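Trainee:
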Amino acid sequence: MATPPSDEQGLQAPLQGEDLAPFKVAPTGKCWWCGDVADTREHKFKRTDLARMWPQGSHLVWGDGTQTANVRSARKSTFVKFSANLCGACNNTRSQPFDVAYDKFSSYVWEHQDSLWWRRYLDMTKVYGAQWEDGATNLARYFVKHLGCRMAHENYPVPAVLKPFLDGDPKADSVHMALYKDPALRARRQQGKRDGIDATGLFIEPAVGAASRSRNRLTRYFSGLTIGTVGVVYVWDEDVVDTDPFYVHRRARLHRRDHLPSA
Ligand SMILES: [Zn+2]
332 MATPPSDEQG LQAPLQGEDL APFKVAPTGK CWWCGDVADT REHKFKRTDL ARMWPQGSHL
392 VWGDGTQTAN VRSARKSTFV KFSANLCGAC NNTRSQPFDV AYDKFSSYVW EHQDSLWWRR
452 YLDMTKVYGA QWEDGATNLA RYFVKHLGCR MAHENYPVPA VLKPFLDGDP KADSVHMALY
512 KDPALRARRQ QGKRDGIDAT GLFIEPAVGA ASRSRNRLTR YFSGLTIGTV GVVYVWDEDV
572 VDTDPFYVHR RARLHRRDHL PSA
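So the sequence shown is numbered by our numbering: it starts at 332 and just counts up by one.
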């Protein structure tokens, strides 16, 4: 059992799973980005990512850190989509540049995950060329969209601070993001190679939140997603406005996952 949050002492105990239930709200049926009717479901995992794994005859497993399942259809599986919490315009047209940026990043990372293991930085010009700033920022917007869809999917209020960034602001207040390479997933991949199987996959980490009793709401939400052995942690923290996220750097630091916080 987690300790109740006690921000009266300036402390916030991380809460996870059922402990976060009191801070959930009823679904509004509205797009969390623009307020229109929410009638489309964003993919937790992109179809392009899933499709890339199938032809290799790889081991396609859905996992969120607490459970795993086999995914048999990228289009139909409920494991790969969020609840309907965006309108069609926001989920498609408005966020298309984010999806494009993510696809480029994801292809690059998937293809270079073995060489990236030996790197301390990921050079964004290798992914996006001279337009790396637009590319990296739109990639971060994809992750922010993922964060918002995930919070809405889990019935948390989506922080208003996410929207100006999606609307074009160059940086998201209160959202920190860092890229990483994961030694545990690297070890699994290497073991898979020795065993003659492709043990590489896509992973979403379990969310960890923190809440303020006096404000009576969630004030922090932490999670991450991994493509093969390379991924991103993202954290929205109401109490930390200024951040130093990966996308402001041409050479984005590639941390070891075990050197980054888990909550
Ligand atoms: Zn919308």
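Yeah, the Cβ is synthetic: ideal placement off N, Cα and C, and Gly gets one too.
Please read all numbers here as calculations on a predicted model, not as lab measurements.
Where does Gln462 land, buried or exposed, given buried means 16+ other C-beta within 10 angstroms?
Mentor: Label assigned to Gln462: exposed.
Trainee: Alpha carbons only, please: which of Phe553, Gly540, Arg481, His590 is nearest the one belonging to Trp363?
Mentor: The option with the nearest alpha carbon to Trp363 is Arg481.
Trainee: Considering Cα atoms alone, identify which of Arg450, Val475, Gly348 is closest to Leu556.
Mentor: The option with the nearest alpha carbon to Leu556 is Val475.
Trainee: Leaving out the 5 sequence neighbours to the left and right, which residues in its chain are closer than 6 Å to Glu339 when beta-carbon positions are compared?
Mentor: At Glu339, the pLDDT of 42 sits below 50, so the modelled position is not reliable; the number obtained from the coordinates is stated separately. Cβ neighbours of Glu339 beyond the five flanking positions: none.
Trainee: Answer yes or no: do Ala583 and Leu510 have a C-beta to C-beta separation smaller than 7 Å?
Mentor: For Ala583 and Leu510, yes; Cβs fall inside 7 Å.
Trainee: Hey, how far is the Cα of Leu585 from the Cα of Lys377?
Mentor: If I take the Cα positions, the gap works out to 22 Å.
Trainee: Strictly by DSSP, which residues pair up with Trp567?
Mentor: According to DSSP, which records beta bridges pairwise, Trp567 is partnered with Val506, Tyr552.
Trainee: Would DSSP call Ser545 helix, strand or coil?
Mentor: Three-state result, Ser545: coil.
Trainee: Hey, which unbroken runs of the beta strand (DSSP E) at 3 residues or more fall wholly within the region 344-380?
Mentor: Qualifying beta strand (DSSP E) stretches, in chain order: 371-374.
Trainee: Give me every residue whose Cβ sits closer than 6 Å to any heavy atom of ligand 1, in chain order.
Mentor: Cβ-based neighbours of ligand 1 within the cut-off: Cys362, Trp364, Cys365, Asp367, Leu417, Cys418, Ala420, Cys421.
Trainee: At the level of alpha carbons, what is the spacing between Pro576 and Thr468?
Mentor: Computed Cα separation, rounded: 10 Å.
Trainee: Between the alpha carbons of Gly540 and Asp570, how many angstroms are there, rounded?
Mentor: Roughly 13 Å separates the two Cα atoms.
Trainee: Between Pro358 and chain C, is there a C-beta pair that is closer than 7 Å?
Mentor: Included in the structure is just one protein chain, with no chain C present.
Trainee: Tell me, please, which residues DSSP counts as bridged to Ala583.
Mentor: The partner list for Ala583 (beta bridge, DSSP) reads Leu453.
Trainee: Would you mind stating whether Leu533 and Asp380 have Cβ atoms separated by less than 7 Å?
Mentor: Yes, the Cβ-Cβ distance between Leu533 and Asp380 is below 7 Å.
Trainee: Around the Cβ of Ile528, are there at least 16 other Cβ atoms within 10 angstroms (buried) or fewer (exposed)?
Mentor: Exposed, because fewer than 16 other Cβ atoms sit within 10 Å of the Cβ of Ile528.
Trainee: Could you pull out every residue in the same chain whose Cβ sits closer than 7 Å to the Cβ of Arg517, ignoring the five residues on either side in sequence?
Mentor: Correct list, in chain order: Trp448, Thr560.
Trainee: Buried or exposed: which applies to Val368, given that a residue is buried once 16 or more other Cβ atoms fall within 10 Å of its Cβ?
Mentor: Exposed: under 16 other Cβ atoms inside 10 Å.
Trainee: Can you tell me whether Val431 is helix, strand or coil according to DSSP?
Mentor: Of the three classes helix, strand and coil, the one that applies to Val431 here is helix, per DSSP.
Trainee: Cα separation between Gln522 and Asn547?
Mentor: Approximately 46 Å, taken between the alpha carbons.
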